[in-house]
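Structure first, then comments.
Number of protein chains: 2
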Amino acid sequence: MTQTVEPATNTTSAARQRVEKWLSDFSAALAARDADRAADLFATTTYWRDLIAFTWNITTVEGREGVADLLRHTMETTDATDFRIAEGEEPDEADGVTTAWITFETAVGRGSGLLRLTDEGAWTLLTTLDELKGLEEPKGENRPKGVQHGATKDRVTWKERRIAEVDGLGRDRDPYVVVIGGGQGGIALGARLRQLGIDHVVLDRHERPGDQWRSRYKSLCLHDPVWYDHLPYLPFPPNWPVFAPKDKIGDWLEMYTRIMEINYWGSSIAKNATWDDQKKEWTVTVDRAGEEVVLHPKHLVFALGVSGKPNIPTLPGQDVFRGEQQHSSQHPGPDDYKDKRVVVIGSNNSAFDICGALWEVGADVTMVQRSSTHIVRSDTLMDVGLGDLYSERALASGVTTFKADTIFASLPYRIMHEFQIPLYEEMARRDADFYQRLEASGFLHDWGEDGSGLFMKYLRRGSGYYIDVGAADLVANGDIPVKHGQVVELTETGVKLDSGEELPADLVVYATGYGSMNGLAGDIVGEEMADKVGKVWGLGSATTKDPGPWEGEQRNMWKPTQQEGLWFHGGNLHQSRYYSLYLALQLKARAEGIPTPVYGLQEVHHTA
Amino acid sequence: MTQTVEPATNTTSAARQRVEKWLSDFSAALAARDADRAADLFATTTYWRDLIAFTWNITTVEGREGVADLLRHTMETTDATDFRIAEGEEPDEADGVTTAWITFETAVGRGSGLLRLTDEGAWTLLTTLDELKGLEEPKGENRPKGVQHGATKDRVTWKERRIAEVDGLGRDRDPYVVVIGGGQGGIALGARLRQLGIDHVVLDRHERPGDQWRSRYKSLCLHDPVWYDHLPYLPFPPNWPVFAPKDKIGDWLEMYTRIMEINYWGSSIAKNATWDDQKKEWTVTVDRAGEEVVLHPKHLVFALGVSGKPNIPTLPGQDVFRGEQQHSSQHPGPDDYKDKRVVVIGSNNSAFDICGALWEVGADVTMVQRSSTHIVRSDTLMDVGLGDLYSERALASGVTTFKADTIFASLPYRIMHEFQIPLYEEMARRDADFYQRLEASGFLHDWGEDGSGLFMKYLRRGSGYYIDVGAADLVANGDIPVKHGQVVELTETGVKLDSGEELPADLVVYATGYGSMNGLAGDIVGEEMADKVGKVWGLGSATTKDPGPWEGEQRNMWKPTQQEGLWFHGGNLHQSRYYSLYLALQLKARAEGIPTPVYGLQEVHHTA
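Chains A and B supply the protein sequences, listed in that same order.
Just so we're aligned, residue 8 is where the first sequence starts under our numbering, counting upward by one.
Just so we're aligned, residue 8 is where the second sequence starts under our numbering, counting upward by one.
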């Protein structure tokens, strides 16, 4: 056997000394329960983001006053101690900022985080609760044994137990959590719940896990690269494609659900859910493949995706149009439309993907652009936008998925656009020729209201962009003609624009996006409760489709809402992976009767 | 971002200097094509094991003469250069042996290995060819892109391509390799072939991958722990059980086959295969779910498992016995046999597992022991036998699966028993009370003919042992009575032993093991060719069921045989993982027309 050289930890760097001093002072102030003294260790401009470690909430406080307020309300019950530089890590110093991976303990769990110090004190602090003491996940050294050694009369096998566990729900017992929606969000959360030993069921209207992807248009591939997309516990293998085709992702989700032993009911629709405030539980009526089953969970999680209900515009003449009409979510792919005239209304991701695929089979396709769209080329986005955190390059320099996720989470939403703007300026320079051609074709292009690009649009409104994998060139080259304006009506034979122009069509595709996330929830829990909980997603940035006031975090996502026992989960694969842990730990703490006093429960400013 | 401390590589250790000197001298001797000078760098007692890097064979040479002979025949074509200590590794020194991870290049590929030096020179050397230059696997930085960017008329999607690829075999094209047997061996090899871009199909008589496990008796769990069992590319997740239940392994194999895009035909039986020595290809007739398909591969791999055809003894009275008779491979599990009288003939793994499960449901079960059995307790085996290489402890000390496999492969078979004997002496001490009780019950127990225990029995004969997961206690306690002797006949109502005793039975289970691996092959390629290739498995240790002469390697496994284009693959999950790479690379080199002169092609000493 051989061994690697021990790192030279005997010399203590100035950066290490600085971080250790700060952690020691912070610890001492907390031990003395002196919120003001602790707050004085922060810079005047400061952002402390906490994921359930101090606040049992996902929240960011700003300024020394914000820090002091958070601590006054939380430090007694949190009892955070033992702040250290994470084992095996060395603080890094660059541009006047010292950055350090840290760990700590609370009364109930173990946490970690990322600290950035300037001369003034802590500039940013991220704290996360990673596990509950005595309730650690069974993995690694604590993995299950599998076989039960010894001889036991009437042994139940793993397979028998699994079948009984899934089918016994609603018959011989109730789950603690019902998750509505079994795409990547529901599946990632299901894996966390399984790992934490929380009885659960994930419901989805599709027959098999992954059908959410399989049923989409046939040329669809992930727009995010593999390094960004891993699910918890079981990363994609090293031969997994950068941008996986939809059916391959479907296969992965199906096998993941089985391997992770997630209690998953396919072909199941939650028809309605009501809250009993006396019993503190839900009554959820489910159509499970035609059979009505009633479940009584303590918690209900909506994991229906950032995309809520399909937005289909109501237009005069939709009843007289003689061709086919589809929302983009219903579009089966191009194969039946060779030589047909297709009008696609919309100019974001789905519109481009559908137009491109239709053009490839020889359809006569026209795009209707109603408002400007932000486009970035996939390769450029991957390199400039994600490459430092999610790439082979990042892995080679030691940025694991966990570190990348944590760094990402540590950037305060308030100033995130400031970090994003230069990246998109770089992309504009790099692809200047492409943007010139695109704009010369008449296509209306933007970079977001403050030039902060795609990711901020995603966080603020979840729409308004296209990650170009080829179809934008078809527009830039004129292969796919683009018409501008609003659709005023459908005629028997086509689409009429406000310019008076009429576009003949055999098929009209409404690539008109999706409604609010809580629109879908409202169908199940009722409009009144949906309004009580309020708008889901967005930051309160006071930009299009994301009205102010500033919220500090994404509205209602992964954290307590105004309705006890009602939660929202979802987002892209990255968010599903990362935030599922913190949502699952919140549920676990409640299941175990651990006190979870919520600091800074969000207010509701918008109902939809 | 933060960084970890750089290892202190500026001081060169004495061990490093010694290894570098040896590698440099070895390189120089090879460059000078001086086999004797190179051989003089080895100790007088020395073992050089080569996996296809120098020899295009799996072979071990012994002594300086062996080394010189190998080099005289191979060094010119191999042209090995650039021997170095592997990047990031430091040689280790213990008990007078310096151990170093090494890398090198050959004319056609890149290799690695493990070198152990004593004062006399190289005591052991392992060399392996890991990849072919210019034909590296698409993974990590070279992973496939997935989506095809840009717009392409008549695009074929991933799913369409996959279906066409699997179903087009035997219709629009022939595979380069046909693998018969789709258990873990065929599946691991299939994954390697896919990665190397070799057109292939894996055939199995069961409907779905994993059914080989699912169809076995219901209490079956893996007897080897998870760390030993990983398949290539996609390790089990950290929550995978130590000893996975059979249905869970079945699920894993099924999803692995899909995720790795292995061309797999279920419900398919290879009826016969003939070799055309002019065309240098096989004609393989396959029954694919009732349809006859004829394939013409260049290579045929049998991956039918160490267990060949079920051994069912022919006994007088089998036609008059009124109860049920089953081979252990046919036993459906205990559920139908509550309160029945069952006689299990045999006393190895399957016999114990079946007896234990029958006892658990309340059957009246008797075991017939015909010869002595070696038993080790699972926990003890895992800790003492495997713990240094395959465990959380090993991982924590830096022994990755790759390193564990390589260390394992580097121990010469000739002296392996010497390393094993002390481990089993330790196990005997640790479980002394258990063995006392077991022997007091009358059970005949052994430790292998030279006391080298289970693993050597596995390598030599593949049978004669039980890894105790509980049923041995039932025997030791007398809950399962054991009868000794040979079965002379079946009567209408039971089993008659040579002692004259008759055991009444409703069910007789023949846990009598399996025939030779090439028995199954013979059914397909004919007895003549099976005899030409000779016995498969075993080392020539001159112990029971493994006749001499000494072979140096496992007979016919993963390496060229006396029949061009005919290969054997299999073994446990560890062997399937490790050796599949070297078998796949041999096939890849042949597919690419790279010269593969075989040194030391094995002779045939036994036909079955």
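Ideal placement from N, C-alpha and C gives every residue a C-beta, glycine not left out.
From a predicted model like this one, the values you see are computed outputs, not experimental measurements.
Next on the checklist: For chain A, check one thing: does any of its Cβ atoms lie closer than 8 Å to the Cβ of Met389/B?
Outcome noted: no
Item to check | Residue burial classification, Thr387/A (beta-carbon count within 10 angstroms, cutoff 16) | outcome: buried
Checklist entry - Are the stretch 523-530 of chain A and the stretch 435-447 of chain A in contact at 8 Å, needing three or more beta carbon pairs? => result no
Checklist entry - Run through DSSP, which three-state label would Glu138/B get? => result strand
Item to check | Cutoff 8 Å: Pro429/B Cβ touching any chain A Cβ | outcome: no
Item to check | Under 9 Å (Cβ pairs) to chain B, residues found in the stretch 158-172 of chain A | outcome: Ala158, Thr159, Lys160, Asp161, Arg162, Thr164, Trp165, Lys166, Glu167 and Arg169
Checklist entry - What whole-angstrom Cβ distance do Val209/A and Trp574/A have, given they're in contact under 8 Å? => result Wrong, their Cβ atoms sit about 13 Å apart, outside the cutoff.
Item to check | Status (buried if at least 16 other CB within 10 Å, exposed otherwise) for Asn563/B | outcome: buried
Checklist entry - With 16 as the cutoff for other CB atoms within 10 Å, does Ile474/A come out buried or exposed? => result buried
Checklist entry - Which partner residues of Trp55/B appear in the DSSP bridge assignment? => result Val68/B and Leu132/B
Item to check | Per-residue burial, Gly190/A [other beta carbons within 10 Å of its own, 16 or more giving buried] | outcome: buried
Checklist entry - Which residues in the same chain as Val349/B place their Cβ atom closer than 6 Å to its Cβ, once the five residues preceding and following it in sequence are excluded? => result Leu365, Ala370, Val372 and Leu514
Checklist entry - Which class does Pro14/B belong to by DSSP, given the choice of helix, strand or coil? => result Interpretation of Pro14/B is limited by its pLDDT of 45, a score under 50 that renders its predicted location unreliable; no figure is taken from the coordinates.
Checklist entry - For Leu510/B, which of Met434/B, Lys539/B, Ser448/B and Lys490/B has the nearest alpha-carbon? => result Lys490/B
Checklist entry - If you draw a straight line from the alpha carbon of Ser404/A to that of Arg468/B, how long is it in whole angstroms? => result 47 Å
Item to check | Among Lys160/A, Ala22/A and Glu27/A, nearest to Asp99/A - alpha-carbon criterion | outcome: Ala22/A
Item to check | For His424/A, the first and last residue of its enclosing beta strand (DSSP E) | outcome: No beta strand (DSSP E) contains His424/A, which is instead part of the alpha helix (DSSP H) from Tyr420 to Arg437.
Item to check | Option in Arg384/A, Val327/A, Thr66/A and Leu580/A with minimal Cα separation from Gly501/A | outcome: Val327/A
Item to check | Buried/exposed call for Leu461/A, threshold 16 Cβ in 10 Å | outcome: buried
Checklist entry - What's the call for Gly607/A, buried or exposed, on a 16-neighbour Cβ count within 10 Å? => result buried
Checklist entry - So, does the CB of Glu599/A fall closer than 8 Å to a CB anywhere in chain B? => result no
Next on the checklist: Give me the chain E residues within the contact set of Asp438/A, using Cβ-Cβ distance strictly less than 7 Å, ordered along the chain.
Outcome noted: The structure shown contains no chain E; its protein chains are A and B.
Next on the checklist: Considering only the alpha carbon of each residue, which of His156/B, Arg215/B and Asp211/B lies closest to Ala251/A?
Outcome noted: His156/B
Checklist entry - Can you pull the DSSP bridge partners for Ile319/B? => result Paired residue(s): none; Ile319/B is not in a bridge.
Item to check | Partner residues on chain B for His156/A, Cβ-Cβ distance less than 7 Å | outcome: Ser385, Val476 and Gly477
Checklist entry - Going by C-alpha distance, which of Thr407/A, Pro556/A and Gly545/A is nearest Asp236/A? => result Thr407/A
Checklist entry - According to DSSP, is Lys152/B helix, strand or coil? => result coil
Item to check | Inter-residue spacing [alpha-carbon to alpha-carbon] between Lys225/B and Ser336/B | outcome: 12 Å
Checklist entry - Is Thr9/A helix, strand or coil when you go by DSSP? => result Note on Thr9/A: pLDDT 41, under 50, position unreliable in the model; the coordinate value appears next. Thr9/A falls in the coil class under three-state DSSP.
Checklist entry - Just by C-beta distance, which residues in the stretch 340-373 of chain A are closer than 8 Å to chain B? => result Gly363, Ala364, Trp366, Glu367, Val368 and Gly369
Checklist entry - Expressed to the nearest angstrom, what Euclidean distance is found between the alpha-carbon atoms of Leu78/B and Gly70/B? => result 13 Å
Checklist entry - Between the beta-carbon of Val184/B and the beta-carbon of His306/B, is there less than 8 Å? => result yes
Item to check | Where the beta strand (DSSP E) through Lys278/A begins and ends | outcome: Ser275 to Asp283
Checklist entry - In three-state DSSP terms, what is Ile531/B? => result helix
Next on the checklist: Taking its Cβ as the centre, do 16 or more other Cβ atoms sit within 10 Å of Ala483/B, making it buried, or is it exposed?
Outcome noted: buried
Next on the checklist: Taking CB distances under 8 Å as the criterion, tell me whether Ser226/A reaches chain B.
Outcome noted: yes
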